[in-house]
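*Asks:* I'd like to ask you about the structure that follows.
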DNA sequence: TTTCCCGGTTAGCGAGCGCTAACTTGATCG
DNA sequence: CGATCAAGTTAGCGCTCGCTAACCGGGAAA
């Protein structure tokens, strides 16, 4: 859990990318944000692309692993769904910059990295799809997938949502998400 | 309603910006997308920044005007809310690129443009806030605003959502949005 | 003590960018 | 018919960016 220099750089870069976009941030900006200057980054990452690649693959892995674990540990499908919602809400609230970059700069990844991230994302979505289908019988796969993406959008609105305290917002987003799913699955 | 060259350029640029981000698209790319090459754009726009500015202010105006009109024309608050949801869903489904750019490249606007867009956005959100408060009594302003942003996120997931047909997706997103609001306002 | 290397530094290259300048052309209009 | 002008073209300037090269200091290892 030692916060190494790599991690420091990744965190600072995430913040900058979230604010200005990948192409809107220079190597020098990232360096300055951690107190070193410019090309020193190349002692830690092979390229700016590689930095983005590591950022997005690691967050995608965290989501997949965390989501899978929480869903698997639940006793019932309904509880699994609540756990997934709580997990994703928590993640988004505590990593707004990563969430922003994750959905904004996917297109700026190198092909290999993009393929890997896409695969991880797809598998994470699949966890949601299966959990939704288990919790609400009679929902076909495409509908469940569309619901999952919609709920991601809802919860990922966190970065634009700075009007409530963190716990209040967490509670609200979870309730909204579960209410949304409940409404369509019953009807 | 004549689709002038300006509009053609704006549409093509929106598509490109949505895919690669503002800084990831060159003047030459935009020109090529409409069959002219590079600097010819400056016969229609004073700068690349101005192009983005016009794109985002015009979409913000459309949202504000359309939303206000639909909400005002409704007979009851509950119907006004349904109208707002239907309007925004329709807009997002028919302009996925604009929606993407709108929330991604706001930070790349010139200060004056950004101020204008932000003001328009704020007023649009205010329409939602008042409608939500009218439809559900006892919801305080901050909560209503947070709900509005969350619902925008939900509906704006459209660009990532290509698993259902357009009408099916429209129906689903509307139901999800209204279900979400209903769940938190009642509880 | 000497050696080595890790993690910094500054200088600068080469490419790509937004944009301007200068020129061309085809349509419109007095 | 000649002038004007809108809407293109290509050439190229100047700046910024990602990245490399070359150098350096300090701490651990031999």
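Residue numbers (full-length UniProt numbering), protein chains in the order written: chain A, 1 to 187; chain B, 1 to 187. Think of the CB as a built atom: it goes at the ideal place given N, C-alpha and C, for glycine as much as any other residue.
1. Show which residues of chain A have a CB atom less than 7 Å away from the CB atom of residue 157 of chain B.
2. What are the boundary residues of the alpha helix (DSSP H) that includes residue 58 of chain B?
3. Residues of chain A with a CB under 7 Å from the CB of residue 17 of chain B: which are they?
4. Tell me which same chain residues have a C-beta within less than 8 Å of the C-beta of residue 178 of chain A, skipping the five on either side of it?
5. Ordered along the chain, which non-local residues of its own chain (more than five positions away) have a Cβ less than 7 Å from that of residue 52 of chain A?
6. Under 8 Å Cβ-Cβ, which residues of chain A neighbour residue 142 of chain B?
7. Under three-state DSSP, which class holds residue 109 of chain A?
8. Where does residue 3 of chain A sit, in a helix, a strand or coil, going by DSSP?
9. So residue 154 of chain A packs on residue 144 of chain B, CB below 8 Å; how close in whole Å?
10. Quick one: what's got a C-beta closer than 7 Å to residue 97 of chain A's C-beta in the same chain, skipping five residues either side?
11. Tell me the DSSP secondary structure of residue 35 of chain A in three-state form.
12. To which residues of the same chain is residue 117 of chain B closer than 7 Å at the C-beta, ignoring the five residues directly before and after it?
13. Taking all protein chains shown into account, decide if residue 92 of chain A is buried (16 or more other Cβ within 10 angstroms of its Cβ) or exposed.
14. Give the secondary structure of residue 89 of chain A by DSSP, where H, G and I count as helix, E and B as strand, and everything else as coil.
15. Tell me whether residue 103 of chain A is buried or exposed, calling it buried when 16 or more other Cβ atoms sit within 10 Å of its Cβ.
16. Can you give me the C-alpha to C-alpha distance between residue 33 of chain B and residue 48 of chain B, rounded to a whole angstrom?
17. List, in order along the chain, the chain B residues whose C-beta lies closer than 7 Å to that of residue 146 of chain A?
18. With burial defined as no fewer than 16 other Cβ atoms inside 10 Å of the residue's Cβ, what is the status of residue 113 of chain B: buried or exposed?
19. Put residue 95 of chain A into one of helix, strand or coil per three-state DSSP.
20. Taking the alpha helix (DSSP H) that residue 178 of chain B belongs to, which residues open and close that run?
21. Of all Cβ atoms in chain B, is any one closer than 8 Å to the Cβ of residue 53 of chain A?
22. If we define contact as Cβ-Cβ less than 8 Å, is residue 108 of chain B a contact residue for chain A?
23. If we cut at 8 Å on Cβ distances, does residue 26 of chain A have a partner in chain B?
24. Out of B:126, B:137, B:42 and B:8, state which residue places its alpha-carbon closest to the alpha-carbon of residue 194 of chain B.
25. In chain A, what lies closer than 8 Å to residue 104 of chain B by C-beta?
26. Taking a contact to mean a Cβ-Cβ separation below 8 Å, would you say residue 45 of chain B touches residue 70 of chain B in this structure?
27. Give the secondary structure of residue 162 of chain A by DSSP, where H, G and I count as helix, E and B as strand, and everything else as coil.
28. Spatial neighbours of residue 120 of chain A within its chain, please: C-beta separation below 8 Å, excluding the five flanking residues on both sides.
29. Excluding sequence positions up to five away, which residues of its chain have a Cβ less than 7 Å from the Cβ of residue 74 of chain B?
30. What three-state label does DSSP hand residue 26 of chain B in the structure shown?
31. Looking at residue 41 of chain B and residue 26 of chain B, is the spacing between their C-beta atoms short of 8 Å?
32. Buried or exposed: residue 182 of chain B, going by 16 or more other Cβ atoms within 10 Å of its Cβ?
*Replies:* In this structure, then:
1. 149, 150, 152 and 153
2. 48-73
3. What residue 17 of chain B touches in chain A: nothing, since even the nearest Cβ is about 10 Å away.
4. 81, 82 and 85
5. 22, 105, 108 and 109
6. 163 and 164
7. coil
8. coil
9. The pair is not a contact, with the Cβ atoms about 15 Å apart (cut-off 8 Å).
10. 14, 15 and 18
11. coil
12. 56, 57, 60, 106 and 109
13. buried
14. helix
15. buried
16. 15 Å
17. 161, 163, 164, 169 and 172
18. buried
19. coil
20. 166-186
21. no
22. yes
23. no
24. Outside the displayed span of chain B (1 to 187) sits residue 194 of chain B, for which this structure offers no information.
25. 21 and 104
26. no
27. coil
28. 57, 60, 61, 63 and 64
29. 80 and 83
30. coil
31. no
32. buried
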